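Taken in order, these protein sequences are the chains called A and B.
Per the numbering used here, the first sequence runs over residues 1 to 434.
Per the numbering used here, the second sequence runs over residues 435 to 702.
Beta carbons: idealized from backbone N, C-alpha and C, even for Gly.
In this text the structure is predicted, and so the values were computed from the model without any measurement.
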Amino acid sequence: MKISRVLAGAVLVALCGTACAPGASKEASGAEPSGPVKKGVTDEKVTLKLVSTPESGAAVKSVIKAFEVKYPQVTIEYEDNSVDDYNKALNLSLASDQAPDIALLNSVGTTVKDGLVLDLSRYAKAYDWDKTYPSTQLNQWRVAEDGSTLGTGGLYAAPAGFSLVGVYYNKAKAAKAGITTPPATLEEFEDALAKAKKAGELPLQLGNQQGHASFAIQLIGQSADGAEKAAQWTFGQKGATFDTPGNRTAADRLTAWKKKGYLPGSANGTDLQTAVDKFTKGRGVYFVDGNWDAEKIGDKLGKDAGFIAFPSPKATAIGTSVAYAISSKSKNADAAAFFLDFLHSPEASAAEFRAGFMPADLTAAKPQDGTVMKDIVTAWGRVNEDNGLVGFNNNATATMNDKLTATTQELLANRTDTDGFVKAIQDEWTKTHG
Amino acid sequence: MTKQLPRLALTVAAAAVLFPFLALFTAALQPQSNLSPGLSWPSDPQWGNFATAWTTAGFGSLLKSSAVIALGVVPIALVLATLAGYGLATMRLKAKGPLFALLMLGLALPYEAIVIPLYYDLDSAGLLNTYWAVILPLVGLFMPFGVFWMRTHFESLPKELLEAAAVDGANSWRTLTRVLLPTAVPALTTLGLLYFMWAWNQFLLALVLIQDPAMRTAPSGLGKFVQQYGKNIPLLSAGTFIVIAPIVLVYLLFQRHFIKGILQGAVK
């Protein structure tokens with residue numbers, strides 16, 4: 001069952017990449033709207049259909065409620081599907097006659113290339129989105145004309161809530177190991193890991209069955225190379241390379257940590273959820289993970305749970321937004337865009353924060369003192385100040401996640417070295433962006 | 435000792451089958467905050483998980499569509515497989531060999547490869563987003579196996595049976611309905627049961643060809659408990675029980691026939 005599902009997904013993706021692209025894009029380029037944008041909504045009754053996944057949908061459901069109270073003439077029908085199924089069926093659904101008006105975009109993928117969603121630049125201008133969001137947040141949804149280079153070009157989705165990856169730590173274990181202040185540089189982080197090891201603790205919890213060691217590698221790499229340079233690579237911009245001093249240090253450090261016993265021996269056979277479980281049970285002083293697990297970790301560790309942006313003088317984080325796009329087939333694109341603009345309203349921001357996302361409007365985030373959420377909001381603030389948000393390396397190409405999973409596993413198993421790792425990743429990137 | 439050995443082997447085999455279910459069952463009763471339930475009886479069994487799973491995934495409508503699809507597929511596929519198997523087994527046809535070989539090709543074809551073309555075909559036929567979009571392709575996909583199965587059954591019958599029917603003046607329709615079909619009940623039941631199970635669990639076709647999530651099949655409900663960065667294992671386990679319960683019930687009802695059908699194949 002499992003294998004056939006995976007296979008099915010692969011076949012679908014492969015077929016879609018080649019087969020459905022040409023027909024669909026022709027259709028869409030004719031439908032591209034132009035002319036001035038109608039801001040707001042009229043008194044006319046409008047029904048919009050929105051599709052999402054349960055994890056981001058929880059917040060959007062309450063945003064919809066707030067929106068409908070304010071603008072009763074608009075009805076928004078909500079539908080969701082689990083993330084794997086959603087990604088598989090999204091393009092077909094957008095191409096069908098029952099296309100939704102608003103759709104969650106998990107990655108740019110082939111959806112933009114196939115012309116299935118609208119270029120929102122006109123709306124961005126009308127609603128001043130570039131003043132609302134830091135450029136690193138919006139750039140993740142800008143796609144150049146080739147359909148695969150990100151960071152420049154038209155804007156294809158508007159962000160709702162944000163996620164970020166940083167470092168969780170167990171305050172009690174850290175204090176016991178004599179780590180008094182949170183590390184602020186990579187060197188200090190390594191010292192802390194060494195102290196933890198000396199105290200008989202597992203320094204860094206890690207589950208790499210699905211390749212999550214790539215989080216640590218990216219964070220070390222981008223804090224050394226700088227967020228801007230790192231982002232160029234994830235965006236697939238010409239001339240970017242993975243072979244940077246930062247990424248090399250990252251691969252070196254990870255192998256060194258493995259040798260010194262800083263990482264769990266079974267990391268390659270542990271999935272993310274099991275690693276979270278182990279961390280909440282006190283195995284591991286540090287743990288690199290995203291804010292999506294904040295509730296699970298906060299519930300179990302209570303006031304012992306802490307979070308910092310990855311130790312670096314200039315704060316960076318891996319992160320992306322839950323972002324919504326408008327279907328090229330939507331007959332009510334203006335109303336849909338008005339809803340997208342509502343996604344950064346105080347009401348929407350509060351709903352996003354309640355569901356565990358970092359909101360666009362940070363004043364809506366009111367975490368309790370002493371909770372891990374408080375730490376995450378602080379880290380998020382720092383990252384924004386330094387404009388340090390970088391998209392996931394795993395999304396750099398359609399197959400990058402698989403490649404990173406395989407090569408980080410080889411790295412931890414000592415089957416490849418830093419040279420081999422960096423080359424394998426860059427070769428994979430060149431296949432799409434070269 | 436020789437008497438005990440088979441018993442021991444059967445016990446081990448039964449345990450091997452039951453063990454995963456036991457693990458599933460204890461996992462289904464854990465509190466939802468449990469991230470990696472091991473094999474242990476929960477101190478406070480959460481029977482409510484079944485109800486929560488039912489409402490979260492909307493199993494009411496999903497089980498209904500699985501039933502509509504399965505009950506639509508089984509009779510059509512059984513009739514077609516019987517007729518084709520009968521023809522291939524007993525009649526003299528010119529292109530019988532190549533025809534059969536062509537059908538057998540279908541067994542080797544991964545159906546995932548045809549999902550996208552199917553989407554566009556059904557779109558042009560206006561059948562997308564209806565139960566027919568899943569029922570009709572499934573009937574087609576089930577044919578190779580069914581025809582092979584029924585042909586084998588009809589060939590295993592003694593030739594004398596057909597000859598006697600012919601001597602008594604029965605035409606081929608009467609031969610099929612009055613002489614052959616009564617012997618085919620176990621084979622048909624088994625085939626029907628397999629078809630039912632496959633159609634019930636069909637996931638990919640329903641996902642791609644039906645847009646309305648409420649019209650999809652039961653297994654698609656399990657997706658609600660799997661998220662991008664983790665899964666709700668207790669609810670996933672509870673949902674799994676809900677999805678497999680109808681199949682287990684159907685199997686229990688037809689158990690005797692099923693075993694007869696399998697054994698019949700074994701003798702041949």
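Close beta carbons around residue i, own chain, < 6 Å, minus the five adjacent residues each side
i: M649 (chain B); result: S499
i: G141 (chain A); result: Per the sequence presented here, residue 141 (chain A) reads as Trp, with Gly not at that position. Cβ neighbours of W141 (chain A) beyond the five flanking positions: L155, Y156, A157, A323.
i: K403 (chain A); result: E428
i: G282 (chain A); result: none
i: E410 (chain A); result: T416
i: I76 (chain A); result: L48, L50, I64
i: V377 (chain A); result: A365, P367
i: S495 (chain B); result: A648
DSSP bridge partner residues for residue i (one or two, in chain order)
i: G166 (chain A); result: A:D289
i: V117 (chain A); result: A:S327
i: V390 (chain A); result: A:I318
i: T47 (chain A); result: A:T75
i: P159 (chain A); result: A:A323
i: V660 (chain B); result: B:K665
i: P359 (chain A); result: A:G161
i: A275 (chain A); result: DSSP lists no partner for A275 (chain A).
Cβ-based neighbour list, residue i, same chain, cut-off 8 Å, excluding 5 preceding and 5 following
i: S470 (chain B); result: I667
i: F705 (chain B); result: Past the edges of chain B, shown from 435 to 702, lies residue 705 (chain B), and the structure says nothing about it.
i: P134 (chain A); result: N384, N387, L389
i: E188 (chain A); result: P311
i: M577 (chain B); result: A511, L514, A515, A518, L537, G540
i: V117 (chain A); result: L94, A103, L105, T111, Y156, A157, A325, I326, S327, S328
i: T53 (chain A); result: D80, N81, S82, V83, Y86, L104, N106
heavy atom of the ligand NAP below 7 Å from residue i C-beta
i: T516 (chain B); result: The ligand NAP is absent from the structure shown, which contains no ligands of any kind.
Sequence-distant residues of the same chain with beta carbon closer than 7 Å to residue i, five excluded per side
i: V112 (chain A); result: V143, G147, Y156
i: V383 (chain A); result: L164, A309, A315, T316, A317, L389
i: Q73 (chain A); result: V41, D43, E44, K45, V46
i: G23 (chain A); result: The predicted position of G23 (chain A) is uncertain, since its pLDDT is 39 and thus under 50; a value taken from the coordinates is nonetheless stated next. Counting only Cβ-Cβ distances below 7 Å, and skipping sequence neighbours, we find nothing.
i: S214 (chain A); result: N393, N394, L404, T408
i: F534 (chain B); result: L522
i: I681 (chain B); result: M631, W634
i: I644 (chain B); result: N563, A567, V568, R650
Beta-carbon neighbours of residue i, restricted to chain A and to distances below 7 Å
i: P647 (chain B); result: E79, N81
i: S499 (chain B); result: Per Cβ cutoff of 7 Å: no residues; S499 (chain B) is ~15 Å from chain A at best.
Neighbouring residues, chain B, relative to residue i (Cβ below 9 Å)
i: D84 (chain A); result: G657, V660, Q662
i: K88 (chain A); result: L638, L641, V642
Per-residue contacts from residue i into chain B (C-beta, under 7 Å)
i: L92 (chain A); result: Y553, V642
i: Q98 (chain A); result: N563, Q645
Partners in chain A for residue i, counting only beta-carbon separations shorter than 9 Å
i: S654 (chain B); result: N81, S82, D85
i: K665 (chain B); result: Q273
Within the chosen definition, does the segment 135-152 of chain A reach the segment 227-234 of chain A through at least 3 CB pairs nearer than 8 Å? yes
Counting Cβ pairs closer than 8 Å, one from the segment 303-314 of chain A and one from the segment 130-149 of chain A, do we hit at least three? no
Report the residues of the segment 549-568 of chain B with a CB closer than 8 Å to any CB of chain A, ordered along the chain. If the cut-off is 8 Å between Cβ atoms, the segment 549-568 of chain B has V549, I550, Y553, D557, L562, N563 near chain A.
Should the segment 595-613 of chain B be regarded as contacting the segment 567-575 of chain B, the criterion being three or more beta carbon pairs within less than 8 Å? no
Any residues in the segment 45-59 of chain A with a beta carbon nearer than 8 Å to a beta carbon of chain B? Which ones, in chain order? So the list reads T53, P54, E55, given in the order they occur along the chain.
Using a Cβ-Cβ cutoff of 8 Å, what residues of the segment 459-478 of chain B are near chain A? List them in chain order. S467, L469, S470
Name the residues in the segment 410-431 of chain A whose C-beta lies less than 7 Å from a C-beta of chain B; which are they? none
Near-chain B residues of the segment 254-282 of chain A - C-beta to any C-beta below 7 Å: L272, Q273, T274, V276, D277
With a threshold of 8 Å, are at least 3 pairs of Cβ atoms found where one atom belongs to the segment 475-495 of chain B and the other to the segment 598-605 of chain B? no
If contact means a Cβ-Cβ distance below 7 Å, which residues of the segment 281-312 of chain A contact chain B? G290, W292, D293, K296, D299
At least three beta-carbon pairs within less than 8 Å, the segment 188-202 of chain A to the segment 407-416 of chain A: Output reads no: the segment 407-416 of chain A does not touch the segment 188-202 of chain A.
Three or more beta-carbon pairs under 8 Å between the segment 576-592 of chain B and the segment 545-559 of chain B, yes or no? no
Any contact between the segment 615-628 of chain B and the segment 543-552 of chain B? By contact I mean 3 or more CB pairs, one from each, below 8 Å. With the rule of 3 Cβ pairs closer than 8 Å, the segment 615-628 of chain B does not count as touching the segment 543-552 of chain B.
I want to know whether the segment 329-336 of chain A touches the segment 99-112 of chain A - three or more CB-CB distances under 8 Å. yes
I'd like to know if the segment 221-231 of chain A and the segment 288-297 of chain A are in contact, where contact means that at least 3 CB-CB pairs between them fall below 8 Å. no
Within the chosen definition, does the segment 167-185 of chain A reach the segment 346-361 of chain A through at least 3 CB pairs nearer than 8 Å? The segment 167-185 of chain A vs the segment 346-361 of chain A: no contact.
Please determine if the segment 177-185 of chain A and the segment 340-352 of chain A are in contact, where contact requires at least 3 C-beta pairs separated by less than 8 Å. no
Would you check if there are 3 or more beta carbon pairs closer than 8 Å linking the segment 572-587 of chain B to the segment 620-630 of chain B? yes
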